[in-house]
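K.L.:
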Ligand SMILES: Cc1ncc(COP(=O)(O)O)c(C=O)c1O
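Residue numbers (the numbering used here): 1 to 413.
#1: In or out: residue 358 buried (at least 16 other Cβ within 10 Å) or exposed?
#2: Give me the residue from 222, 83 and 206 with the minimum Cα distance to residue 175.
#3: Given residue 385, which residues of its chain have a CB within under 6 Å of its CB, disregarding the five upstream and five downstream residues?
#4: Roughly how many angstroms lie between the CA atoms of residue 251 and residue 334, to the nearest whole one?
#5: If you draw a straight line from the C-alpha of residue 188 to the C-alpha of residue 155, how long is it?
#6: What are the complete alpha helix (DSSP H) segments, minimum 4 residues, inside the region 326-384?
#7: Less than 8 Å between the CB atoms is what I'm expecting for residue 111 and residue 277, so what's the real figure, rounded?
#8: Does at least one heavy atom of ligand 1 sit under 7 Å from the Cβ of residue 56?
#9: With DSSP as the reference, label residue 146 as helix, strand or coil.
#10: Would you decide whether residue 314 is buried or exposed? Buried here means 16 or more other CB atoms lie within 10 Å of its CB.
#11: Measure the beta-carbon distance from residue 343 to residue 231 and round it to whole angstroms, keeping in mind my assumption that it falls under 8 Å.
#12: Please report how far the alpha carbon of residue 221 lies from the alpha carbon of residue 193, in whole angstroms.
#13: Quick check on the DSSP output: the alpha helix (DSSP H) that includes residue 289 runs from which residue to which?
#14: Residue 80 bridges to which residues according to DSSP?
#15: By Cβ distance below 6 Å, which residues in the same chain neighbour residue 15 in space, the five residues on each side in sequence not counted?
#16: When you compare only the Cα positions, how much space is there between residue 178 and residue 353?
#17: Using CA coordinates, which residue listed in 306, 202, 367 and 270 is at the minimum distance from residue 338?
#18: Where residue 136 and residue 246 are concerned, what is the direct C-alpha to C-alpha distance, given to the nearest angstrom?
#19: Could you give the DSSP three-state label for residue 254: helix, strand or coil?
#20: Can you check which of these residues, 17, 11, 27 and 41, is closest to residue 453 by C-alpha distance?
#21: Mind checking who residue 165 pairs with in its DSSP beta bridge?
#22: Would you mind reading off the limits of the alpha helix (DSSP H) that contains residue 404?
#23: Quickly, what does DSSP pair residue 183 with across the bridge? List them, please.
#24: Kindly indicate which residue of 35, 117, 366 and 143 has the alpha-carbon position closest to the one of residue 127.
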């Protein structure tokens, strides 16, 4: 058995990332603090420098929508910041209204939590324990996690292992994925895949293939579509729902984020039936033992949901797509996610130190971008991560790419 003295996965990860993490903090190429914001323009607190940010995942710019802002403001006058009781005891009506609107958007019963991470923590133990009526587990679950799944899933491994074995697989390797799932089924266990819909680095999960495998081998798919929420799909139901033609699959559990393109904060989890939802509300740890979402968050999300339920969402999605297309006309051809419908691009650099220096140069020239490094991406594959929004101006994109190309030449790469 490994002891603390031998180190564990977290010690090893920190040790491997320490040199470049220390450097990026030391030279101030991350952790930008702003005092003012207008659209994509921010003013840094200490230096007063103005920057265009390509960091926020609010891809549709809904945080600036006046309807969402005023809904949040007036909710505080009604109820204050919070009603400080677990929702099983008492809650304002607006929480029901929000959950109903989200259920309508996704097309399945949906429950909200303060974060997507809490959705995972609410549902996965109940699923593993065979307590969700529509998701019967034969014998035991066997969790099959995509290697590129978000950290909020990976960190739950110890919890998942209380219910069944965990195997990590690269879901882009279709043959290997099928082989693992079929072996699990052959051993009499229920295969449960866990993966991102749209990955946080912009990759696309093989949603249709996963659902087909779930049908073939009597398994289930847990899909975290935090980055796909709002930007795609009918009524902004997300990438996974777009892939499924808007029909909620009985073997799917879907999580959505209200904190990225949706324009508020929080997470939402959808299940197949009202009976499953009832179990979550009666027995999931974060619901019964945790506090509710903050009042203005609920009000903002409810106003955002109205936009999703109208045709306006398609106009917003189209505007985002045309910004992405413009970026692709101008960016280097080796850009990660080139021509993807996902508004995340990676300007590839490779070596961590060089990427940090380039990000610092971008900062000095007025562009706030994320330098993505191990453990977010594999070691030696550092990149400048660009989050595009429908509210970016085309000239901002021109200037950013021109500055990047000059910084790259200066590095001699
Ligand atoms: C795919 C994915 N899932 C989950 C999360 C975590 O979301 P939250 O902060 O709401 O828990 C993120 C955050 O960036 C994410 O990218």
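Beta carbons are placed, not taken as given, at the ideal position from N, Cα and C, and that holds for glycine.
P.N.:
Here's the rundown:
#1: buried
#2: 206
#3: 346, 370 and 372
#4: 37 Å
#5: 26 Å
#6: 352-364
#7: 6 Å
#8: no
#9: strand
#10: exposed
#11: 6 Å
#12: 5 Å
#13: 285-289
#14: Beta-bridge pairing links residue 80 to no other residue.
#15: none
#16: 38 Å
#17: 202
#18: 24 Å
#19: strand
#20: What the structure shows of the chain is the stretch from 1 to 413, and residue 453 is not part of that stretch, so it cannot be assessed.
#21: 142
#22: 394-411
#23: Bridge partners of residue 183: none, in fact.
#24: 143
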